[in-house]
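Accompanying notes for the structure given below.
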Amino acid sequence: MLDFSKNYFDLFGLPVAYIVDANALSERYRELQRVIHPDRYANASEQERRLSVQSAALINEAFETLKDPIARAGYLLSLHGIEMDTLNESTQDAAFLMQQMELREELEEVRGQADPYNAIADLRGRINKQINSLVAQMAVCFETPTEEQLQAAREILRKMRFLKKLHTEAESVEAELEDELN
1161 MLDFSKNYFD LFGLPVAYIV DANALSERYR ELQRVIHPDR YANASEQERR LSVQSAALIN
1221 EAFETLKDPI ARAGYLLSLH GIEMDTLNES TQDAAFLMQQ MELREELEEV RGQADPYNAI
1281 ADLRGRINKQ INSLVAQMAV CFETPTEEQL QAAREILRKM RFLKKLHTEA ESVEAELEDE
1341 LN
């Protein structure tokens, strides 16, 4: 069974770093799932079955955390002793917040565009570009995680969460537009 005291990176045999080899992560995930899958313990003792279920849950949680750049950043910050209040913690960058308001207004107006599909695709593309830029900045912060770099990573994570939420809302609008066609 698994060592529940290991961090997620150690569970997958990966270095503790922001940049993760996605192929190695997926491969190791499949290996671990084969070994600890509850079906393999159908005839085992109650305790072994329970441990198998707990192990599978841990592996799933670790995999989902490590494959998502936002969750991975939050997890890395927690490994460095920085816990974030995801509900009440927000960026104070006025220019970024103004940009977010403008993007939200643009999202609200997309239905009135001559080509709403192209408009939403363009908006999502720009949001993705911003997220990718922040991912690159985050990677630099974790290369040499000094206190200053960790605080910079915390601020970047706040911005990434804003953009992720906006991206999700844009996807919802896109799905609604597609539903209206059908």
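Using the working numbering, read the sequence shown as starting at 1161 and increasing by one per residue.
All C-beta atoms in this analysis are idealised placements derived from N, C-alpha and C, irrespective of residue type, glycine included.
Is residue j closer than 8 Å to residue i when the C-beta atoms are compared?
{"i": "Phe1223", "j": "Lys1319", "result": "no"}
{"i": "Arg1321", "j": "Ile1242", "result": "no"}
{"i": "Ala1313", "j": "Leu1237", "result": "yes"}
{"i": "Gln1101", "j": "Ala1217", "result": "For the chain, the structure presents residues 1161 to 1342; residue 1101 sits outside this window and is missing."}
{"i": "Tyr1189", "j": "Tyr1235", "result": "no"}
Taking DSSP as the reference, what is the three-state secondary structure of residue i?
{"i": "Ala1202", "result": "coil"}
{"i": "Met1244", "result": "coil"}
{"i": "Thr1225", "result": "helix"}
{"i": "Gln1273", "result": "coil"}
I'd like the span of the alpha helix (DSSP H) that includes residue i, first residue to last.
{"i": "Arg1327", "result": "Inspection of the sequence shows that residue 1327 is occupied by His rather than by Arg. First-last of the alpha helix (DSSP H) with His1327: 1307-1341."}
{"i": "Tyr1235", "result": "1229-1239"}
{"i": "Pro1276", "result": "1276-1303"}
{"i": "Ala1177", "result": "Careful: Ala1177 lies outside any alpha helix (DSSP H) and carries neither H nor E."}
{"i": "Asp1170", "result": "1168-1171"}
Spatial neighbours of residue i within its chain, please: C-beta separation below 8 Å, excluding the five flanking residues on both sides.
{"i": "Leu1283", "result": "Leu1263, Glu1266, Leu1267, Val1270, Ala1330"}
{"i": "Lys1324", "result": "Ile1230, Ile1291"}
{"i": "Leu1294", "result": "Ile1316, Lys1319, Met1320, Leu1323"}
{"i": "Ser1212", "result": "Met1161, Ile1196, His1197, Pro1198, Arg1200, Tyr1201, Ala1204"}
{"i": "Phe1326", "result": "It is Leu, not Phe, that sits at residue 1326 in the sequence shown. Gln1260, Leu1263, Arg1264, Leu1267, Ile1287, listed in sequence order."}
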